[in-house]
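K.L.:
Residue 780 in our numbering sits at position 3 of the sequence shown, with consecutive numbering throughout.
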Amino acid sequence: MKQLITALVIATTCVALTACGERGESTQVAQDQQRFKWKLVTSWPKNFPGLGSAPEKFAQHVNKMSNGRLTVEVFGAGQLVPGFEVFDSVAEGTAEMGHSGAYYWKGKIPAASFFAAVPFGMTASETNAWLHYGGGLELWQKLYKPFGIIPVAGGNSGAQFAGWFNKEINSIADLQGLKMRIGGIGGEVMSRAGALPVNMPGGEIFSSLQSGALDASEWVGPYNDLAFGFHKAAKYYYSTAWQEPTATLEFLINEQAFNQLPSDLQEMVLVAARAVHDDMLNEYTARNARALQTLITQHNVQVRTFPDDVIDVLKSTTKEVINEMAEQDASVKEVWTSYKAFYDEIKRYHQLSEQAYLENRQ
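1. Can you say whether residue 794 is buried or exposed, counting buried as having 16 or more other CB atoms within 10 angstroms of its CB?
2. Using only the alpha-carbon positions, how far apart do residue 1130 and residue 813 sit?
3. Helix, strand or coil for residue 899? Go by DSSP, reduced to three states.
4. Please report the Cβ distance between residue 969 and residue 991, rounded to the nearest whole angstrom; I am assuming they are in contact, meaning their Cβ atoms lie under 8 Å.
5. Between which two residues does the alpha helix (DSSP H) holding residue 864 run?
6. If residue 1112 and residue 914 are in contact, beta carbons under 8 Å, what's the gap, nearest whole angstrom?
7. Whose CA, out of 1044, 1100, 1082, lies closest to the CA of residue 843?
8. Is DSSP giving residue 825 helix, strand or coil here?
9. Can at least three beta-carbon pairs, one atom from the region 1004-1022 and one from the region 1038-1056, be found at a separation below 8 Å?
10. Comparing alpha-carbon positions, which option in 818, 847, 825 lies nearest residue 811?
11. Report all residues from its chain with a CB closer than 6 Å to the CB of residue 899; omit the five preceding and five following residues, and keep chain order.
12. How many Å lie between residue 785 and residue 1038 at the Cα?
13. Within the same chain, show all residues whose beta-carbon is closer than 6 Å to that of residue 1026, passing over the 5 residues directly before and after it, in chain order.
14. Flag this pair as touching only if the region 1057-1072 and the region 824-836 have three or more C-beta atom pairs under 8 Å; answer yes or no.
15. Compare the beta carbon distance of residue 1029 and residue 926 with 8 Å and say whether it is the shorter of the two.
16. The beta strand (DSSP E) that contains residue 761, what's its start and end?
17. Report, in whole angstroms, the separation of the C-beta atoms of residue 872 and residue 822, which I expect to be a contact under 8 Å.
18. How many Å lie between residue 1008 and residue 1083 at the Cα?
19. With DSSP as the reference, label residue 1057 as helix, strand or coil.
20. To which residues of the same chain is residue 781 closer than 7 Å at the C-beta, ignoring the five residues directly before and after it?
21. Could you compute how far the alpha carbon of residue 1012 sits from the alpha carbon of residue 945?
22. At the level of alpha carbons, what is the spacing between residue 924 and residue 1035?
23. Quick one, are the C-beta atoms of residue 966 and residue 1094 less than 8 Å apart?
24. Residues in the same chain with beta-carbon distance under 6 Å from residue 1004, minus the five sequence neighbours each way, listed in chain order, please.
25. Let me confirm a value: residue 792 is counted as buried when at least 16 other C-beta atoms fall within 10 Å, else exposed. Which label applies?
26. Can you tell me whether residue 988 is helix, strand or coil according to DSSP?
27. Label residue 889 either buried or exposed according to how many other C-beta atoms from any shown protein chain fall within 10 Å of its C-beta, with 16 as the threshold for buried.
28. Could you tell me the alpha carbon to alpha carbon distance between residue 870 and residue 1031, rounded to whole angstroms?
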């Protein structure tokens, strides 16, 4: 009888374990077979060089890595939502993802601008180091958490040129009343310097320069400026990089949609975003150099620089603007404290390494 009972217990246990195993396998198979379709809205024209191609590359990476389990459809500015409504679209769940620039949301989140560009601030490599190894990304995600959005770095165009002007800038007086397309902290700095900053999508800049609605505009740099044909609409090209020594873009991810993904698909989303982020800086570095030569040799563009007194005013005004922002907003103060501490440390190091090398090389 004891042997019979033991045999029955063993048999029952084996049946139960087999059933559990089958249920576990079935659950895993079901997860592996589940399909997700996401929409990704952007602030750029569809397939626009650099900026617009980044989300397309992201979609391709995810589609391929997931073997079709997660497909991402990319919409350019205006195709599903206007370019400046990307943030709200992702927050509301109209789209699961977005691709844009954090300084576009400074009206609702003043501290957001610090994750895109800080005038006279850190370079692209320095900003990347702060984001991924200095606590910057955690602060960024904390900032967007109340909106149900997870931000991650989504590309970097490197230092941006000062822009295109239809009048020469020989002194600070030439900025008075200047209607210029410029956003973020740089826009506030130009405003205090006497200019009239305008925030508009990239697709509207050319016609505005041509019609006189704008006197000047910064955009990105030679690669994108050549693509838009700005040399046909403005006379003077100023290279002085001050307003955006780096231009970090962002992928915006709807938190609820992200949490519904299996862990392996979540990892694919994050890894694909990081790959695109790193790739963009490489692309812009190469293509900006070639595009600048095209502008100079084929279109006779004369590259100019701002006078020292203009730079001095912009630099001192930048300090005033940021200090005031930090005094008025606790989130700005928290982000700026972290940014400034990392900036001071990395600046000292680079003065002895990269800056010294650039001054010494032939």
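Quick reminder that beta carbons are idealized off the backbone N, C-alpha and C, glycines included.
No experiment lies behind these values; they were computed from the predicted model shown.
P.N.:
In short:
1. Any reading at residue 794 needs caution, since the residue's pLDDT is 49, under 50, leaving its predicted position unreliable; the model's value is listed next. Exposed, by the Cβ-count rule.
2. 47 Å
3. coil
4. Not really, about 19 Å apart at Cβ, beyond 8 Å.
5. 863-869
6. Actually they do not touch by this definition, with Cβ atoms about 12 Å apart.
7. 1044
8. coil
9. no
10. 847
11. 1120
12. A caution first: residue 785 carries a pLDDT of 46, below 50, which makes its placement in the model unreliable, though a value can still be read off. Those two C-alpha atoms are separated by around 42 Å.
13. If we look at residue 1026 and ignore the five residues flanking it on each side, its Cβ neighbours are 878, 931, 932.
14. yes
15. yes
16. Outside the displayed range of the chain (778 to 1139) lies residue 761, so it cannot be described from this structure.
17. Their Cβ separation, rounded to whole angstroms, is 17 Å, which puts residue 872 and residue 822 out of contact at 8 Å.
18. Taking the straight line from one Cα to the other gives about 18 Å.
19. helix
20. Note that residue 781 has pLDDT 48, beneath the 50 cutoff, so the model's placement of it is unreliable and the number below is only indicative. Counting only Cβ-Cβ distances below 7 Å, and skipping sequence neighbours, we find nothing.
21. 9 Å
22. 14 Å
23. yes
24. Counting only Cβ-Cβ distances below 6 Å, and skipping sequence neighbours, we find 826.
25. Here residue 792 scores only 49 on pLDDT, less than 50, and its place in the model should not be relied on; the value that follows carries that caveat. Result: exposed.
26. helix
27. buried
28. 7 Å
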